[in-house]
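Protein chains in written order, with my numbering: chain A, 153 to 907; chain B, 5 to 187.
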Ligand code: SF4
Ligand code: SF4
Ligand code: FES
């Protein structure tokens, strides 16, 4: 703590801050390029020059780089009043000699740091007759567009990509005037965080290639604070729309979750809203509608007739407000509501929430002393992985257990940052119980984070996770544990629903108590086909609201176009129990929000429903923690209602069917075509280790037949753990199997043994 | 690419550093000395030896002008174009050399005898315009005529490669191509 003086104005600073940080914090405008809040100072751009006044009488003042200058009490700096002003102007002029006259055709213009800094420096002219250095642009895949000439060599991109995100397929080439930043070969980036290069780069060298195809100057975008719905981290985003369509996703700063960055799934996955097959009209496929009725009068009549026999299904991917509204609808029509498609998911989610204690926020993870990771974290919650990468960068000890290929596991191995254990999920509880944690028992280790991927764990594994937590907790060691859950709002879904809700709904349909099903943002007949498909003929009316063209939408009798999270408001609860509101960013005319849907079908108005929701939210937690961006944090200890009592029989002999995730994939993100084109896994194949293949007597190219009648072509891949059959989520739906089930060997066979 | 003997030498050399990656340049030189430039296979090999990624190695190679990713002629002539040599007429020398080889700077001459490269200061300002032949022999006070004469001589010279085994892996990147040659 102390005070420095910038042009005679006192500026407070905190210990360890540099002069540039303190100046910016105080709201004083100063030019800079290479300094970045997350990446720190590099001292390479020379644009933050200030003049340091001498302390002794006969000394001279000197020009220093404020980002490299640790603030010291009483120092006096001249920003605009001294000679450094000229220095900064010359530096900008020098950069401009290298920079093309691109602003009118540059996607960055209007939100460009280089433009802002140039204007701030008041340098309006450049003197240069020489030939400009030019560089060929590199093809960088479907997500990022490169215009190499615009680079001003601030090194931010390389510092982000290599030092922060720990990627190694992008770097700095050559030296001096020829310095250029590119990938070692053309093509898409390997990193799940490549999109951040667009924001980190202060110029238009890297721009959003998806945005480019439906470009709008950023000041013409309709924007709002939203929450990413592609995993349970709940990063804050700022969607920008125009004329009723989504143009781009930008990260929104939230110091508790994502202070600077978002992952590529969050940035590009949201473009699912622009998929060409998105349902954007009401469709009535079955049941005659009176021509004078509007769709809601028709629906109301249908529902009134079916009252008492109605099931309402939503999913972990839908927000809390949707769940709340649907629950009101269920009350009104005496229906059964479940926010979980499959009982297994519900079971895992509830058990995981029970095992969550002091859930670490992303900044908590970044500052931990050690981490234990159970499951493919990169693919389940990319930004949690980015936080763990900060531990790897600091060479903190890490232990990871996984079954399917995970970028994080590769990285830990490559950097020699800890231990990676590859094991079949059905054995994880044993692995966890016998985990050798001696590498974490250094006395410097004060905070350990324990992160699980709920989608890959069974209840015994989650219980072992809790035991591990107990084992590691000591007086001097804090253990924070949390899970990447299976949907953006899985926590909210568990909070709002009754125990065993999915099981109850399925049973009611089975027993013919329910024959009309309303589905909102869920895909029971695709994603949940294993349990739902056999019940299809018991459902006489299928009413579906969705924003992607799922299998369920295809089978629906009535389809209503649902607004996406960017197109409506709502609340979502992330893996920590953080209740976050999100706002509507732009308006699409043809779509409907769940609240409007319910308001049409019940006597309540939208406003009345909102008022009820507010009352309910206040009751939800006795202890509300309210802070600026953070919304409300659920007090997990008080949510004693979240229990898991349902258990399914677990087979242990045989091969385990596991989902093959990738960092850009997701129920909705799969419909974002540019991102989906980067998926490394192929649908309709089964991936297995060569040893497993030998055991089954198959090789690559052979067919494997499943009990459901489906057959898949084999692809041998030794990155898959032995005893596992790995398939993409879509393939899982096609073969009508649930993830993580163990198939006895006699249930899987090759064509040959059949004959 | 390398014999077991040579590989052993490289591993042994790397073990002297606190971190393996510190020996990357040495290994890259070894590849270059062996086949004249650093090819993709060589990069893969150094990746395995040092634990550095492909990108990190490419960064190194493009940063240091003495490392090269493309094949060169039997000889490499680096003509300095920094300030002193420039003042003393290196541009004319480079132009004459380029005209003589019939190909652009950096390419292999038609006869295969030489690749001409512009170079940053060689520290031979007192002999400007100066050049360095095969990373070893200094050539002083070049003129357009003398450079053409030198290139003619190189065209005549037969190429021979004699040394093999770990003795050719030099500590400072001295080319093994020059090792069997009399100066
Ligand atoms: S590409 Fe952008 S971020 Fe990277 S060095 Fe150039 S200007 Fe800086
Ligand atoms: S980590 Fe999850 S919440 Fe955050 S941006 Fe990525 S997908 Fe969205
Ligand atoms: S911001 Fe200080 S030198 Fe770049």
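The beta carbon of each residue, even a glycine, is placed where N, CA and C say it ideally should be.
Burial state of residue i, where buried means 16 or more other Cβ atoms lie within 10 Å
i	result
residue 19(B)	exposed
residue 604(A)	buried
residue 280(A)	exposed
residue 531(A)	buried
residue 817(A)	buried
residue 851(A)	exposed
residue 297(A)	buried
residue 843(A)	exposed
residue 253(A)	exposed
residue 889(A)	buried
residue 698(A)	buried
residue 102(B)	buried
residue 307(A)	buried
residue 496(A)	buried
residue 907(A)	Confidence is the limiting factor: at residue 907(A) the pLDDT is only 39, short of 50, which leaves the residue's position unreliable, though a coordinate-based value still follows. Flag for residue 907(A) reads exposed.
residue 483(A)	exposed
residue 563(A)	buried
residue 645(A)	buried
residue 574(A)	buried
Strand pairing of residue i, partner residues [DSSP]
i	result
residue 878(A)	810(A) and 839(A)
residue 297(A)	359(A)
residue 161(A)	158(A)
residue 122(B)	83(B)
residue 664(A)	Paired residues: none, contrary to the question.
residue 547(A)	DSSP, once it has assigned bridges, lists no residue as partnering residue 547(A).
residue 222(A)	170(A)
residue 332(A)	325(A)
CB contact flag (residue i, residue j, <8 Å)
i	j	result
residue 471(A)	residue 768(A)	no
residue 122(A)	residue 866(A)	The structure shown does not extend to residue 122(A), since chain A spans only 153 to 907, so no value can be given for it.
residue 344(A)	residue 512(A)	no
residue 311(A)	residue 191(A)	yes
residue 649(A)	residue 381(A)	no
residue 539(A)	residue 571(A)	no
residue 885(A)	residue 681(A)	yes
residue 656(A)	residue 295(A)	no
residue 752(A)	residue 448(A)	yes
residue 321(A)	residue 335(A)	yes
residue 81(B)	residue 135(B)	yes
residue 264(A)	residue 347(A)	no
residue 77(B)	residue 113(B)	yes
residue 731(A)	residue 809(A)	no
residue 673(A)	residue 378(A)	no
residue 715(A)	residue 696(A)	no
Near ligand 1: residue i beta-carbon under 7 Å from a heavy atom
i	result
residue 228(A)	no
residue 721(A)	no
residue 296(A)	no
residue 352(A)	yes
residue 614(A)	no
residue 335(A)	no
residue 307(A)	yes
residue 550(A)	no
residue 303(A)	yes
residue 355(A)	yes
Near ligand 3: residue i beta-carbon under 7 Å from a heavy atom
i	result
residue 185(A)	yes
residue 400(A)	no
residue 217(A)	yes
residue 172(A)	yes
residue 231(A)	no
residue 830(A)	no
residue 193(A)	yes
residue 196(A)	yes
residue 914(A)	No statement about residue 914(A) is possible, as the shown extent of chain A runs from 153 to 907 and does not include it.
Ligand 4 heavy atom lying under 7 Å from the CB of residue i
i	result
residue 176(A)	Ligand 4 is not among the ligands present in this structure, which contains only ligand 1, ligand 2 and ligand 3.
Which residues, in chain order, does the region 46 to 75 of chain B contribute to contact with chain E at a C-beta distance below 7 Å?
No chain E appears in this structure, whose protein chains are A and B.
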